[in-house]
Each structure stands twice: as structure tokens, then as C-alpha cells.
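If you're matching positions, the sequence shown starts at -4 in this note's numbering and goes up one per residue. A virtual CB, placed ideally from N, CA and C, is assigned to each residue, including glycine. Here is the structure we will look at.
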Amino acid sequence: KQWYQRRVAITAGGGNETDIQINYGMLLLSICCWCLTVLRLFFNLKDFLAFLISCLYILFMVQILSCLLLHCTGISGVWCAMVGFSYRTWLRIPSDRSLINRLIILGTFASYLWANIYYFQQGTESYFTTFCHLAATWLGYEANYFWYRSQEERTKLYEGRQKKSK
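This is the structure we're talking about:
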């Protein structure tokens, strides 16, 4: 029963309504931003969805584990890492430059900054939260480097198979 209560506290941000709204709003925005920046790097939708689900699973497991070890709550590590990953993708390969895509991507980055400023202004305990947000963002940003390297290798293999089949 204690494990269940702790898991609910982690995913519900400790029951603070403002934290719940910020966390799940930012999660939705970061998933949209992530889809807009990363989707075009995949050859088919099935591979993209498998990658998205795998990333979300890993991020939530890391978030829950870190919350159990550090006695924190919330899911902010997930959306921070996704924003970091999306930002590096956006820098490397500019996504579709339609107005709606630009608004979603820039809106996500602006919301990310606003959320972190909000948490920073909350006081002493929130300095640690801000540090964790920046660390998760950096990890997402750096994870993109390793993923992108393997993506380049997969692209070469895919193009090689296409040439052989012709």
C-alpha cells in the first residue's frame, strides 16, 4: 500500500493542483514538440511510434526511480528531457517551418522557460527542482547526440538496402 501511495504522489506532483497542471500541460506540449521535430527523421510511422513509446517508458521509469531515491514528486524530468531532446533536433534539422509548427515549437520552449522560472521563484526547495530540471534537459539534449549518431548509421544501412534492391 505504501508503494502505491508513493507512486500516486510521484505522478500527481504531491497533490499540488498547480504542479499537476504545469506538469501534465508541459508533458502534452513537449510530446507535441517532440513529434514535430523528431517524426520527420523516421522512415515510417510504426518505427516512430515504437521509438516514442520506448522513450516515454524509459523516461517515466527514470523519473520514478529518481523520485524514490531523492524523495521528490512530479513528472517534470520527463518533459524537461523531451524538450532538451527536441531542442537539439530542432537545431540540427529544422523541422517543417509552417506557422502552426513554429508556434507549437516556440510555444513549448517559452512554456519550458516559464515553468522553470515559476519553480525557481518558489523558494529554497525549488532551487533543487530547478537544478533537476536543468539536469534532465541537459540529459535529453545529450541523449540526442547519441541517438542521432545511431540514426545516421541506420540511414546509411537503409539507403544501402534500397540501392541493392533496385
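- In this structure, the beta-carbon distance from Ile70 to Phe55 falls below 9 Å.
- Beta-carbon to beta-carbon, Leu129 and Ile88 are separated by about 24 Å, too far to satisfy the 8 Å threshold.
- Residue environment: Thr124 is assigned as buried (16 or more neighbouring CB atoms within 10 Å of its CB, all protein chains considered).
- Cβ contact annotation for Ser121 (same chain, cutoff 8 Å, sequence separation greater than five): Tyr114, Phe115, in chain order.
- For Gly72, the uninterrupted alpha helix (DSSP H) segment begins and ends at 71 to 87.
- By the beta-carbon neighbour count (other beta carbons within 10 angstroms, threshold 16), Phe141 is exposed.
- Annotation: the continuous alpha helix (DSSP H) that includes Ala105 extends over 94 to 115.
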